[in-house]
Structure formats: C-alpha cells, structure tokens
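One structure is given below, encoded as structure tokens.
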Amino acid sequence: MRITVQLFAGLRERAGRDELVLDGLAAPLDLAGLKRELARRHPELGGLAHVRAALGTRYADEAAALADGMRVHLIPPVSGG
Amino acid sequence: MPLPADLALERGRFELRATALEPEQLARRVVHPACGAVATFSGTARDHSRGRVVVRLEYEAYAEMVEAEMARIFDDCRRELGLPAAEDARLPEQHLRMLVEHRVGSVPIGAPAVAIAVAAPHRERAFAACRFLIDTLKQRLPIWKKEVYADGSAWIGERP
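Those protein sequences? They're chains A and B, same order as listed.
Plus 76 on top of the position in the first sequence (first one is 1) and you've got my numbering.
Plus 562 on top of the position in the second sequence (first one is 1) and you've got my numbering.
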C-alpha cells in the first residue's frame with residue numbers, strides 16, 4: 077500500500093521537501109511501523125523517537141492502523157509561543 | 563439567563579496571522595460587562611537564547627490542525643477551571659472569554675509571536691485561564707519556532 081507523509085520544520089528541511097510518498101508498504105501497518113519504515117528508507121530524517129503523528133487534524137496513537145492511500149502528518153516536537 | 567452575547571469568545575477564538583499582532587486590541591475585544599478581570603499574555607521575540615544572539619524568529623504551522631487543536635485546548639481550559647462547556651453555560655458567573663493569536667512567518671526581535679487575552683468575572687479565573695492557555699498551547703499546538711542567528715539557525719524543540 078501507499079502512504080503519503082507530510083513533513084514540517086526540521087524534518088521538512090532535512091528531507092528537502094514537504095512530502096514523502098512511501099510505496100509498497102506491507103499491510104497491516106500502524107503508525108509505529110510506518111515510522112520504522114520511514115527511518116529505514118529515509119535516514120536523512122534523523123531520529124523519529126520524539127516525533128508524533130497526526131491523522132487529519134488530530135494527534136494519533138502509535139497503534140493507529142493505516143490504510144492504503146492515507147495521509148500522515150509528522151509532528152516533530154512543537155515549539156510555538 | 564444564557565450567555566448569548568458572544569458564544570464564539572466563550573468557546574475560545576483563535577487566529578493564525580502572518581502580520582503583526584496587536585495584543586492591546588485583543589484585550590479590548592474580550593471586555594464584557596459581566597467580567598471584572600482581563601488578563602493578557604504576550605510572548606515576544608527575544609534577542610538571545612542559550613548564549614547566542616538571535617536576530618529574528620521564524621514560525622511554521624500545520625495551519626489546519628492548529629485550529630482544531632486550539633479548539634480542544636479551549637474546551638480543556640473550561641473543563642480544567644470547573645466550568646461547563648460554552649454551550650451549556652447559563653450563569654453570569656460562568657463567563658470565560660478567550661482570544662488567542664499566533665503569528666507565523668518571520669517575527670522581528672521585540673515583536674509578539676503569541677498574544678492571549680482572557681476576560682472572566684474575577685481575577686483568579688482570568689489569570690488561571692491565561693496561564694493554562696499559554697502552557698498548554700506550547701505543549702500541543704503544531705507550531706514550530708526557528709531561531710535565526712547571525713551565522714546559522716536552529717529549530718527549537720528538536721533533540722540531537
């Protein structure tokens with residue numbers, strides 16, 4: 077299956093773009109699994125241990141199940157204010 | 563008597579802006595006859611950080627989610643302070659009028675990056691809400707700050 081990952085801030089700069097498309101992912105897949113696969117395919121992103129993820133406009137649990145075609149927003153540690 | 567006047571402010575209102583914030587305008591907008599206290603907070607761009615000279619800040623946001631997450635933070639704020647949801651508030655004592663603005667893009671030194679104004683019947687709730695809102699948005703809003711130095715830059719919050 078295919079997942080599109082949106083990147084922000086430092087992740088976006090290290091990737092050199094604001095979106096990554098991951099193809100050929102094996103189902104079933106949860107967010108934790110996606111992060112592992114992302115780290116393997118894109119080591120330039122650096123450590124993802126402290127990176128959270130959002131589905132739509134809400135933080136999602138690492139165990140959230142992903143389906144083909146979904147869009148995941150990766151949220152590095154926030155620093156607003 | 564319901565709290566009709568400005569349900570939007572009782573729910574909490576948030577704006578993401580690419581232009582200069584005006585904290586004193588915010589304070590004016592939350593004022594209400596049933597509220598005897600207005601508390602405000604501004605977070606302004608500081609010229610130094612961890613021993614380095616900062617020349618400006620740059621903020622990036624996941625704009626669509628910022629709106630949604632801030633709405634949840636406003637709800638949490640009312641709950642935290644023991645108030646009913648804005649829709650269910652009926653008494654003048656239950657007022658809590660909240661306005662928050664955050665800037666994105668480049669912010670010059672000395673300019674506000676975030677501004678909060680809260681009105682409540684009494685000062686304890688106004689102070690508490692203001693504090694809750696700034697502390698919680700710093701933990702949860704998907705907004706990122708980059709410090710720009712004379713010779714480089716760093717995203718704040720990132721760990722090596």
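C-beta atoms are modelled at their ideal positions from N, C-alpha and C, and glycine is treated no differently.
In this text, all values refer to a predicted model and were calculated from it rather than measured experimentally.
Does the separation of the CB atoms of residue i and residue j fall below 9 Å?
i	j	result
B/Ala596	B/Ala688	no
A/Val97	A/Arg112	no
A/Gly86	A/Pro152	yes
B/Arg573	B/Glu649	yes
B/Ala675	B/Leu588	no
B/His664	B/Leu699	yes
B/Val666	B/Ala677	no
B/Val628	B/Tyr711	no
B/Trp706	A/Gly156	yes
B/Ala582	B/Ala673	yes
A/Leu101	A/Ala129	no
B/Pro585	B/Glu631	no
Out of the options, which has the shortest C-alpha to C-alpha gap to residue i?
i	options	result
B/His610	B/Leu578, B/Ile671, B/Leu645	B/Ile671
B/Asp568	B/Ala675, B/Lys700, B/Val666, B/Ala651	B/Ala651
B/Ala570	B/Arg618, B/Lys707, B/Trp706, B/Val680	B/Val680
A/Leu121	A/Asp99, A/Leu105, A/Arg93	A/Arg93
B/Arg575	B/Asp697, B/Leu658, B/Lys707, B/Glu686	B/Leu658
B/Glu626	A/Arg90, A/Ala140, A/Arg134, A/Leu124	A/Arg134
B/Arg608	B/Val669, B/Ala599, B/Arg634	B/Val669
B/Arg702	B/Gly714, B/Arg641, B/Arg612, B/Phe636	B/Phe636
What do you get for residue i, buried or exposed, if any count of 16 or more other CB atoms within 10 angstroms of its CB means buried?
i	result
B/Glu709	buried
A/Pro119	exposed
A/Arg116	exposed
A/Ile126	Checking the sequence shown, residue 126 of chain A turns out to be His, not Ile. When all chains shown are included, A/His126 counts as exposed.
A/Val142	Sequence check: residue 142 of chain A is Leu here, not Val. Label assigned to A/Leu142: buried.
B/Val593	exposed
B/Met563	Caution is warranted here: a pLDDT of 43 is assigned to B/Met563, below 50, making its placement in the model unreliable, and the coordinate value is therefore given only provisionally. Label assigned to B/Met563: exposed.
A/Ala81	Inspection of the sequence shows that residue 81 of chain A is occupied by Val rather than by Ala. That one is buried.
B/Ala682	buried
B/Gln656	buried
A/Glu138	exposed
B/Leu565	For B/Leu565, the pLDDT reaches just 49, beneath the cut-off of 50, and the residue's location in the model is therefore unreliable, leaving the point undetermined.
A/Arg147	exposed
A/His149	buried
B/Gly598	exposed
Using a C-beta to C-beta distance shorter than 9 Å, which residues of chain B count as neighbours of residue i?
i	result
A/Arg134	Met627, Ala630, Glu631, Arg634
For residue i, return the contacting residues in chain A, with the cut-off set at a CB-CB distance below 9 Å.
i	result
B/His664	Gly156, Gly157
B/Tyr624	Gln82, Phe84, Ala130, Thr133, His149, Ile151
B/Leu703	Val154, Gly156, Gly157
What residues of chain A sit near residue i, judged by a beta carbon separation below 8 Å?
i	result
B/Ala718	Note on identity: in this sequence residue 718 of chain B is Ile, with Ala being the wrong assignment. Going along chain A in sequence order, the residues near B/Ile718 (Cβ under 8 Å) are Ser155.
B/Ile696	Gly157
Could you list which residues in chain A have their beta carbon closer than 7 Å to that of residue i, in chain order?
i	result
B/Leu699	Gly156, Gly157
Q: Output the residue ranges of the alpha helix (DSSP H) runs that lie fully inside the stretch 627-715 of chain B and measure 4 residues or longer, sorted by chain position.
A: 685-702
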